[in-house]
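Data block below; observations after.
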Amino acid sequence: MNNTNKSIIINDNLIKLKVSKLRNVNTGFADFNKNVVEISSLLMAHISPEIQLKETTIDTPNEKTTGYELKYPIILVPILRAGLGMLEGARSIIPNSRVGFIGVQRNEETLNPEYYYDKLPKVDKNATVIILDPMLATGGSAVFAIEKVKELGYKNISICAIISAQVGIDRIFKDHPEVTVYSAVLDRQLNDIGYICPGLGDAGDRIFGTDNYDN
Ligand code: PRP
Ligand code: URA
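Taking my numbering, I'd label the letters of the sequence shown as residues 915 to 1129.
Pasting the structure below:
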């Protein structure tokens, strides 16, 4: 099987309903955040092929049977700030997930990511690393995060986004073709200031209420 350039657009009706809430300019930050949390839990069900299991023996009340546990650690890596909105939902559904942080902010003029922080767990290099960011636009922030994670020797890396643009997905595959990209939806294009269209605006601002809307 060809394991490169794997872009998975998740076709899930429940997620589509919730993404519609995010797109709506009249959705206030509390409701916006709630929907990001819920979408993130639902997305984790779709990324479960990334999780490797090993068999174990379990005593049921009746007899012994085969059960499963994690083969390798799982590390969730939200890209600060907006990725934090996805952490709660993702972590609530993935047992024993560790968390690493990468802080980057897009420069509004150049659109290049500017680094400000990182703190990542140092565990088994076979760990499954899932990078969380609601928006994959030019792909610059995601590529930066992948490189930080790879510096520590991790090789099983995927990205989980809510809205992606094809240009961002292509940018990831150019340098990191083995990374799998999961997107709840794929949008049409970037506008001339680098925002995804139709999109949802600035995800970080809308999650944390730092936007200029009144709701
Ligand atoms: C947003 C978003 C991504 C990035 C995507 O973050 O959460 O991290 O932009 O754009 P890119 O694919 O072109 O790099 P932003 O830099 O606005 O920071 P914030 O999360 O602090 O709002
Ligand atoms: N970052 C956002 O928050 N929104 C976009 O549309 C693009 C980048």
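Glycine is no exception: its CB is placed at the ideal position from the N, C-alpha and C atoms.
Beta-carbon gap between residue i and residue j smaller than 8 Å
{"i": "I1044", "j": "D1032", "result": "no"}
{"i": "I1110", "j": "D1101", "result": "yes"}
{"i": "L990", "j": "R1005", "result": "yes"}
{"i": "I988", "j": "I965", "result": "yes"}
{"i": "G997", "j": "D1047", "result": "yes"}
{"i": "G947", "j": "G999", "result": "It is worth fixing the name first, because residue 947 is Asn in this sequence and not Gly. Yes; because the gap between Cβ atoms is below 8 Å, this pair is in contact."}
Own chain residues within Cβ distance below 6 Å of residue i, not counting five before or after
{"i": "M915", "result": "Here M915 scores only 47 on pLDDT, less than 50, and its place in the model should not be relied on; the value that follows carries that caveat. Within the same chain, M915 has no close Cβ partners at all."}
{"i": "A1164", "result": "Here the chain comprises residues numbered 915 to 1129, so residue 1164 is not present and cannot be evaluated."}
{"i": "K978", "result": "T971"}
{"i": "G1067", "result": "K1039"}
{"i": "Y1030", "result": "G1017"}
{"i": "A1099", "result": "The sequence given here places Val at residue 1099; Ala does not occur at that position. For V1099, where only same-chain residues beyond five positions count, the Cβ hits under 6 Å are V933 and I1077."}
{"i": "S954", "result": "M1000, G1003 and A1004"}
Proximal residues to residue i (C-beta, below 8 Å), its chain only, five neighbours per side dropped
{"i": "N925", "result": "none"}
{"i": "N1105", "result": "C1111"}
{"i": "T974", "result": "none"}
{"i": "E983", "result": "L967, K968 and T970"}
{"i": "T980", "result": "E969, T970, T971 and I972"}
Residue of the options minimising C-alpha distance to residue i
{"i": "P963", "options": "P975, E977 and T1094", "result": "T1094"}
{"i": "I961", "options": "G1014, F1122, R937 and I923", "result": "I923"}
{"i": "A959", "options": "S1097, F1087 and N940", "result": "S1097"}
{"i": "S921", "options": "L1114, D1119, S1078 and T1124", "result": "S1078"}
{"i": "R1012", "options": "A1041, E1028 and M1000", "result": "A1041"}
{"i": "L936", "options": "L1114, I1086 and D1125", "result": "L1114"}
{"i": "A1051", "options": "T974, A944 and N1026", "result": "N1026"}
{"i": "V1063", "options": "E969, A996, G1014 and A1117", "result": "G1014"}
{"i": "L1001", "options": "C1074, G1123, I1086 and N1126", "result": "C1074"}
{"i": "I1086", "options": "F1122, A1056 and P1009", "result": "A1056"}
{"i": "I1007", "options": "N976, M1049, L1034 and L956", "result": "L956"}
{"i": "G1054", "options": "V950, D1116, K1088 and A1117", "result": "K1088"}
{"i": "K1036", "options": "D1119, E1065 and G1118", "result": "E1065"}
{"i": "V950", "options": "V1099, N976 and I1076", "result": "I1076"}
{"i": "Q1103", "options": "G1123, M1049 and N976", "result": "M1049"}
Contacting residues, own chain, Cβ-Cβ under 7 Å from residue i (five flanking each side not counted)
{"i": "E952", "result": "K932 and G1003"}
{"i": "T918", "result": "P1091 and E1092"}
{"i": "T941", "result": "K935"}
{"i": "K985", "result": "Q966, L967 and K968"}
{"i": "D1132", "result": "In this structure the chain extends from 915 to 1129, so residue 1132 is not present and cannot be described."}
{"i": "D1116", "result": "D1125"}
Check: residue i C-beta below 7 Å from any heavy atom of ligand 3
{"i": "I993", "result": "As far as ligands go, the structure on display features ligand 1 and ligand 2 and does not contain ligand 3."}
Any C-beta of chain B under 8 Å from that of residue i
{"i": "G1014", "result": "Here chain B cannot be found, since the structure has a single protein chain."}
Residue list, Cβ distance to ligand 2 heavy atoms smaller than 5 Å: Spelled out in chain order, the answer is M1049, A1051, Y1109, I1110, G1113, D1116 and A1117.
Inter-stretch contact at 8 Å, needing at least 3 Cβ pairs: the segment 1007-1022 / the segment 1077-1086: With contact defined as three or more Cβ pairs closer than 8 Å, the segment 1007-1022 and the segment 1077-1086 are not in contact.
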